[in-house]
Amino acid sequence: MKILHIENEPDYVYFLKEGLEPFGIEIVNIDSPEDAIAHFAENSGTYDVIICDGQPGILDGDDVVRALRSYNQHVPIVAQSDFPQYIERMFKNGATWSVPRRIKNQEEFHK
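If you count by my numbering, then the sequence shown holds residues 285 to 395, one letter each, in order.
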């Protein structure tokens, strides 16, 4: 399995890699939404799932989801945010699932 992770906060990148890579899941993190869209445009058939931050940078998550959907209508997109309004807007633009953020730092992750 291969996941595109669009996230600009290092702790959340760490959580996903630490939690999933031991199971053989490949995580490709791109911290810039613009770079992630460009990368996905050229590699849209190679990912099994996308996990996208609701506020990954200059673009909001709903803009990112809309752009990703223009390249692939079928890949599951997981919206991730602390803010319900971002999740809702991402769903309106093509996100298929959401995961709330609960862990705030690496120390909490290891408890």
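The C-beta atom is built at its ideal place from N, Cα and C for all residues, glycine as well.
Alpha helix (DSSP H) runs wholly inside the region 293-341, at least 4 long, in chain order: Correct list: 294-304 and 317-327.
Per-residue DSSP class, three states only, for Glu352: Per the sequence shown, residue 352 should be read as Leu rather than Glu. It is helical.
Burial state of Asp337 (16 or more Cβ within 10 Å): Sixteen is the threshold: when 16 or more other Cβ atoms of the shown chains lie within 10 Å of the Cβ of Asp337, as they do, the residue is buried.
Within 9 Å, strictly: CB atoms of Gly329 and Leu352: If you check the CB distance, Gly329 and Leu352 do not come in under 9 Å.
Close beta carbons around Trp381, own chain, < 8 Å, minus the five adjacent residues each side: Beyond the five residues adjoining it in sequence on each side, Trp381 comes within less than 8 Å, by CB distance, of Pro360, Ile361, Val362 and Ala363 in the same chain, given in chain order.
Reduced DSSP secondary structure (H/G/I, E/B, other) of Gln364: Here Gln364 sits in strand by DSSP.
Distance CB(Asp346)-CB(Tyr331) smaller than 9 Å: Remark: C-beta atoms of Asp346 and Tyr331 do not approach each other more closely than 9 Å.
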